[in-house]
Amino acid sequence: MYIKKKCVAMLLAGGQGSRLYALTRDMAKPAVPYGGKYRIIDFPLSNCTNSGIDTVGVLTQYQPLVLNEYIGSGQPWDLDKMHGGVHVLPPYQTAMGASWYEGTANAIYQNMSFIERYNPDYVIILGGDHIYKMDYSKMVDFHIANNADLTIAVQEVSLEEATRLGIMTCDKDFKVVDFTEKPKEPKSTLASMGIYVFSWDKLKKYLIENENANTGSKDFGKDIIPSMLENQERLFAYSFDGYWKDVGTLDSLWEANMDLLSPSVPLDLYDPNWKVYSRNSNMPPQYIGSNANIENSMISEGSSIDGTVDFSVIFSGVTIEKGATVNYSIVMPGSVIKAGAVVEYAIIGEDCVIESDAKIGTSPENIENRDEWGIAVVGHNVTVSKGKFVEPKQIIADNI
Amino acid sequence: MGVNYSVLGLIFASMHDSAVVELTKQRTMGSILFGGRYRLIDFPLSNMVNSGAVEVGVITKSNYGSLLDHLGSGREWDLSRKKGGLHLLPPYSQVGGIYRGRLEALNNIWSFVEHSNAKYVIMSDCDIVTTIDFNPVLKQHIESGADITAIYSKSKYNSEKNQLTNILELDQTGRVKDVLVDPQFSGECNMCLDMFVISKDFLKKIVTEAASRNQHSFIRDVLQAKKDEYAIYGYEHKGYFTKIDSIQSFYEANLALLNTENRNALFRKDLPIYTKIGDNGPVKYGLESNIKNSLIADGCIIEGTVENSILFRGVKVGKDTVVRNSVLLQGTQVGNKCSVTSIITDKNVKITNEKVLTGSETYPLYIGKNAHI
């Protein structure tokens, strides 16, 4: 017995996130830690629960272990529901054979029976690679008010970013008149955020047509949206001007963390009316020692800090010993930075050990040729031995 | 955890409320805040769960609103169960009125205990903060053939400072020879932690006998009166513990967590202490923050200086403000250019800009819940 839902959310969490290199070697991108105590997927899941959407399908495929375990029953997001709740949806075998999710549209196509059970009016498609706080219910209201078939959340981006995103042109009523996926010469800078509200009957129709057409891409941006435009369906752009940040590359992940330390960035993690939920690690409060020197940083519970921390985001259960220095860096859960180690402009993965006097990354001021500078990255569970140097732009996935 | 017998935990959440009247005005002993993010009941409750108890009854008395809110369904302690789980036992009584002591409380809730399949019962109050594995206690209890096993620690006692303290005198075999309540002396003693292991059958016997004689005190009417008749043995707990029996000891017990050894003894990886989740953001430290030797819970936003202090969840410390030797409970807000030394602020206290508040380390200044200064 299923109770009808007005809106069901489908969260595409199967991508590899290959541009995060070592950080996604053993976990899917949405499971990558962000912001001191969160994982990326906490943001869309918290958005769902805060928007009153209580039925969420999470489509997984690449390295799902960490992600599956993290989502569990969905209780941390209040998504352990008698009717609805969060469901992890991996690819499966049928009487016709087995197939992996081939593209974003195909992944939803393969889970049409999941959506059908709730008989929704609207389906909202989400990604797992952005940090933002958004009330989806307002976007659904906008969709209803415009009698739309598809509403695409949009944001103004720079011309450079526009070449990597789906770009559209709208008339004065926000009706979409043109859409191009990753244009070489963008006609506008209005970019799709990869958040779609579909009327379910229309989505179903186009998913089936797309599957039968067998385009090879089976993708929302490349297939579904262009064919809907071609057929003169009602496509609208929903403008979102809040904070929205891609964390799909090492640089953007680092920047999105640093954004939390900037007073001018409008991403408030302390709003009691819009909490960002996460699975708790059950650790005591953080202890700041007598030799610590902390400025403009974010530090999470269970950590023990006796060194210098400046402009950094430190996750739970991290130890930074006396005499260690961490500047402009991200240190993920459970890692240990030993005495005399210097971590600058770097990302340190989960459960790493940076032995004494090791040096990870360098400040851009110390590099003559700026092209040679970049964030240094140490992957998860890596030990960097005493006195070793990880250069800017270098990515370490195994012990050195 | 290796238990092959079933154990029922019973927690007296409201014993000794009178010892810390400042903090129990709007709550009960078990819901007193402690250590940045915990409430006192988290310790006995987590200890029982970590020791393999799958069923725990919490016996309340009055002022238990905050306790109910904290415990909820018991999910955070893994006690939201079909079999066993957490049971809140408010003070209902066949004879009317609130119970006078442990035995009367047990008699009132006996049908709950009766329904449990457990063979053994662990009883604990909430005024002792410690991390303990009860399995070795149960093992000793069974092997020694004791009727009652009382857990104690060797500790310094001072009748000037301590109150509501039970002291055990033991013979060489560890059997309890006498129990002294608040004796007038100072020095080393076997301080009873008011945690007991007893079989359900034996507990039934003493509760029934006490009821028929209108007796209600477990200490006076059982431990003291029946010390020769019953085999009562002590079990020495060697781990760190602290007893909250005054606002001063509350202050000292919190600040004692700044000692790494104490902290490691209380917060062990193998015996975690569980608590209600707050869903707060990480701690945010501002450009001019300066933090030394402090314990800081999630959700705090700190712009000023904090030294030798315990900050609970969601505390805000403004710019050019100095907080020293203080215990600031959940949601305390200290404005800009304040100086705050040796104070305890209860929940949601607001201290506006440019205030100077000073207590003494031997007599901290306590500021009541929701006060606005």
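Taken in sequence, the protein lines are chains A and B.
Under the numbering used here, residue 402 is the last one in the first sequence; the count climbs by one each step, no gaps.
Under the numbering used here, residue 392 is the last one in the second sequence; the count climbs by one each step, no gaps.
Don't be surprised by glycine CBs; every beta carbon is placed ideally from N, CA and C.
All of these numbers come straight from a predicted model, not from anything done at the bench.
Length of the line joining the Cα atoms of aspartate 359(A) and glycine 351(A):
18 Å
Could you pull out every unbroken beta strand (DSSP E) segment of at least 3 residues lying fully inside the segment 141-193 of chain B, listed in chain order?
147-149, 167-177, 185-189
Specify, as a first and last residue, the run of the beta strand (DSSP E) that threonine 182(A) falls within.
178-183
State the start and end residues of the unbroken alpha helix (DSSP H) segment that holds tyrosine 208(A).
202-215
Whole angstroms is fine: what's the gap from asparagine 209(B)'s alpha carbon to tyrosine 249(B)'s?
19 Å
Chain B beta carbons: is any one of them nearer than 9 Å to that of serine 190(A)?
no
Is alanine 38(B) helix, strand or coil by DSSP?
helix
Using a beta-carbon distance cut-off of less than 7 Å, what residues from the segment 308-326 of chain A approach chain B?
none
Limits of the unbroken alpha helix (DSSP H) element including glutamine 267(B)
266-274
Counterpart residues of alanine 239(A) in DSSP-defined beta bridges:
Ile154(A)
For a contact defined as C-beta to C-beta under 7 Å, what are the partners of glutamine 288(A) on chain B?
Val302, Ile315
Beta-carbon contacts of leucine 205(A) that lie in its chain and below 7 Å, excluding the five residues immediately before and after:
Val125
Return the chain-ordered list of same chain residues with a C-beta closer than 7 Å to the C-beta of isoleucine 402(A), the five sequence neighbours on each side being excluded.
Val386, Ser387, Lys390
CB-CB length for alanine 239(A) against leucine 269(A), believed under 8 Å
23 Å between Cβ atoms; not a contact.
Compute the Euclidean distance between the alpha carbons of valine 216(B) and cysteine 145(B), then round it to the nearest angstrom.
16 Å
Am I right that proline 122(A) and lysine 7(A) are in contact with their C-beta atoms under 8 Å? What's the rounded C-beta distance?
5 Å
Residue interval of the alpha helix (DSSP H) (run including alanine 147(A))
138-147
Could you compute how far the alpha carbon of histidine 382(A) sits from the alpha carbon of asparagine 49(A)?
28 Å
Am I right that isoleucine 307(A) and isoleucine 332(A) are in contact with their C-beta atoms under 8 Å? What's the rounded C-beta distance?
About 15 Å; that fails the 8 Å criterion.
Would you mind sorting threonine 364(B) into buried or exposed? The rule is 16 or more other CB atoms within 10 Å of its CB.
buried
Quick one: does lysine 311(B) have its CB under 9 Å from some CB of chain A?
yes
Ordered along the chain, which non-local residues of its own chain (more than five positions away) have a Cβ less than 6 Å from that of glycine 350(B)?
Gly333, Lys366, Asn367
Give me the chain A residues within the contact set of tyrosine 306(B), using Cβ-Cβ distance strictly less than 8 Å, ordered along the chain.
Sequence check: residue 306(B) is leucine here, not tyrosine. Those are Glu297, Asn298, listed as they occur along chain A.
Under a CB-based cut-off of 9 Å, is valine 325(B) close to chain A?
yes
Would asparagine 127(B) pass as an interface residue toward chain A - the criterion being a Cβ-Cβ separation below 9 Å?
no
Could you tell me whether any non-hydrogen atom of the ligand NAD is closer than 8 Å to the CB of glycine 318(B)?
As far as ligands go, the structure on display features none, and thus does not contain the ligand NAD.
Beta strand (DSSP E) segment containing cysteine 172(A), residue limits:
168-172
Is the number of C-beta pairs between the segment 300-316 of chain A and the segment 297-309 of chain B that are closer than 8 Å three or more?
yes
For aspartate 339(B), I'd like the list of residues in its chain whose CB is within less than 7 Å of its CB, leaving aside the five on either flank, ordered along the chain.
Gly323, Asn355, Lys356
Do you know whose CA, among Leu161(A), Gln65(A), Leu47(A), Leu81(A), lies nearest proline 188(A)'s CA?
Leu161(A)
Buried or exposed for arginine 46(B), please, with buried defined as at least 16 other CB atoms from any protein chain shown within 10 angstroms of its CB.
buried
Give the interface partners of glycine 38(A) over in chain B, defined as CB-CB distance under 8 Å, in chain order.
Gly300, Pro301
Beta-carbon gap between valine 77(B) and aspartate 97(B) smaller than 9 Å:
no
Which chain B residues sit within Cβ distance under 8 Å of serine 302(A)?
Pro301, Val302, Asp317
Given this structure, state the Cα-to-Cα distance separating isoleucine 369(A) from aspartate 221(A), to the nearest angstrom.
42 Å
Bridge partners - cysteine 50(A), DSSP secondary structure assignment:
DSSP output for cysteine 50(A) lists no bridge partner at all.
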